[in-house]
Amino acid sequence: MADSSVADGRVAVVTGASSGIGAATARGLAAVGYHVMLAARRKDRVEALAAELTAAGHRATACTLDVTDRPAVNAFAASLDRCDVLVNNAGGALGADPVATGDPDDWRRMFEVNVIGTLNVTQALLPSLTASGDGTVVVLSSTAALGPYEGGGGYVAAKHGEHVLAETLRLEIVGTPVRVIEIAPGMVRTEEFATTRFRGDEEKAARVYAGVAAPLTADDVADTITWAVTRPSHVNVDLLVVRPRAQASNTKVHREP
Ligand code: 8X3
Numbered sequence: 440m441a442d443s444s445v446a447d448g449r450v451a452v453v454t455g456a457s458s459g460i461g462a463a464t465a466r467g468l469a470a471v472g473y474h475v476m477l478a479a480r481r482k483d484r485v486e487a488l489a490a491e492l493t494a495a496g497h498r499a500t501a502c503t504l505d506v507t508d509r510p511a512v513n514a515f516a517a518s519l520d521r522c523d524v525l526v527n528n529a530g531g532a533l534g535a536d537p538v539a540t541g542d543p544d545d546w547r548r549m550f551e552v553n554v555i556g557t558l559n560v561t562q563a564l565l566p567s568l569t570a571s572g573d574g575t576v577v578v579l580s581s582t583a584a585l586g587p588y589e590g591g592g593g594y595v596a597a598k599h600g601e602h603v604l605a606e607t608l609r610l611e612i613v614g615t616p617v618r619v620i621e622i623a624p625g626m627v628r629t630e631e632f633a634t635t636r637f638r639g640d641e642e643k644a645a646r647v648y649a650g651v652a653a654p655l656t657a658d659d660v661a662d663t664i665t666w667a668v669t670r671p672s673h674v675n676v677d678l679l680v681v682r683p684r685a686q687a688s689n690t691k692v693h694r695e696p
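In terms of the working numbering, the sequence shown opens at residue 440 and continues consecutively.
Below, the structure is given as structure tokens:
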């Protein structure tokens, strides 16, 4: 059942809620009492998750949404009675090519989803977050937002853009009742991230995690996000980097033979 630690009626919007970190975060926020708006493109997935959460006694609503579709995002924002928390999780990587040969279409798509998608939803919901009197914007970036790695290419560039969006927004809205939290995970093994990056090539995807004893899970990151969101309002976790113990940096990973 919903935890009474979060006042009745508080609403959390989670983008990319159809799988991985987004779905796990929706479960985490629902468990502490938020009414979660499950926003993602895949209707069947968000509907199934909403049904699961509702059956467990939580409050959840499925919302079919493409964060890159600005008019749709504005219509979605207008349909909400309130918004207290926004988790900008929708995003992802395409390709792992060097800069010399990377596909500009991949770069554009990654910028569109990770940066413009976050911009669209944040702009649309900022008035409601402010009106809540106690709003939280979470930007789920990545350790790729803080330093490069070979083959990181357009993903590193896009995540750096998302990081700067979060930093700039925090500067610009200081003094309003909205905090901006950036969570930057390192290696997380989810069902889709690496497979999408390598366009369905499961072998290449598996190689990302080869020999790593325990990459982070979606639940590990969701737990971190839920923790940050549930700190008292005056506490702003500006930037939190979370990696598996086996990963010391973007390029230094311990792999068992
Ligand atoms: C995922 C981390 O290392 O694949 O955001 O860029 S990494």
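In this text, a Cβ means the ideal position worked out from N, Cα and C, and glycines have one as well.
Quiz prompt | Alpha-carbon to alpha-carbon, glutamate 621 and serine 672 | solution = 15 angstroms
Quiz item: Counting by C-beta, which residues lie closer than 5 angstroms to a heavy atom of the ligand 8X3, in chain order?
Solution: Ser581 and Ala583
Self-check item: Local conformation of alanine 499 per DSSP, three classes
Solution: strand
Quiz prompt | CA-to-CA distance, valine 524 to threonine 665, given in whole angstroms | solution = 11 angstroms
Quiz item: Looking only at C-alpha atoms, which of Lys482, His602 and Pro543 sits nearest to leucine 558?
Solution: His602
Quiz item: With glycine 541 and glycine 534 assumed to form a contact (beta carbons below 8 angstroms), what rounded beta-carbon distance in angstroms separates them?
Solution: 6 angstroms
Practice problem: With methionine 476 as the anchor, note down where its beta strand (DSSP E) starts and where it stops. | Solution: 474 to 479
Self-check item: arginine 521 beta carbon less than 9 angstroms from that of valine 613
Solution: no
Quiz item: According to the Cβ coordinates, are valine 485 and alanine 511 closer than 9 angstroms?
Solution: no
Exercise. Drop a sphere of 10 angstroms on the beta-carbon of aspartate 640, count the other beta-carbons inside from all chains shown, and report buried for 16 or more, exposed for fewer.
Key: exposed
Quiz item: Is the CB-CB distance between alanine 495 and threonine 656 below 9 angstroms?
Solution: no
Quiz prompt | Span separating the alpha-carbon of aspartate 545 from that of glycine 593 | solution = 7 angstroms
Quiz item: So, using beta-carbon positions, are alanine 685 and alanine 653 closer together than 9 angstroms?
Solution: yes
Quiz item: If alanine 633 sits next to valine 647, beta carbons under 8 angstroms apart, how far is it from one beta carbon to the other, in whole angstroms?
Solution: 5 angstroms
Exercise. Give a yes or no on whether the C-beta atoms belonging to asparagine 513 and leucine 579 are separated by under 9 angstroms.
Key: no
Quiz item: Could you give the distance in angstroms between the alpha-carbon of lysine 691 and the alpha-carbon of glycine 625?
Solution: 11 angstroms
Quiz item: If you draw a straight line from the alpha carbon of arginine 694 to that of valine 627, how long is it in whole angstroms?
Solution: 15 angstroms
Quiz item: Curious, which full-length beta strand (DSSP E) runs of at least 3 residues does the segment 565 to 642 contain?
Solution: 574 to 579 and 617 to 624
Quiz item: If you draw a straight line from the C-alpha of valine 506 to the C-alpha of glycine 461, how long is it?
Solution: 13 angstroms
Exercise. Excluding the 5 residues preceding and the 5 following methionine 440 in the sequence, name in chain order all residues of the same chain whose CB lies nearer than 7 angstroms to its CB.
Key: Interpretation of methionine 440 is limited by its pLDDT of 41, a score under 50 that renders its predicted location unreliable; the figure taken from the coordinates is listed afterwards. Around methionine 440: Gly496.
Quiz item: For the beta strand (DSSP E) that asparagine 689 lies in, which residues bound it at each end?
Solution: From DSSP, asparagine 689 is part of no beta strand (DSSP E); its letter is neither H nor E.
Quiz item: In three-state terms, what does DSSP make of asparagine 527?
Solution: strand
Exercise. Confirm, please, whether the CB-CB distance from alanine 469 to alanine 499 is below 9 angstroms.
Key: yes
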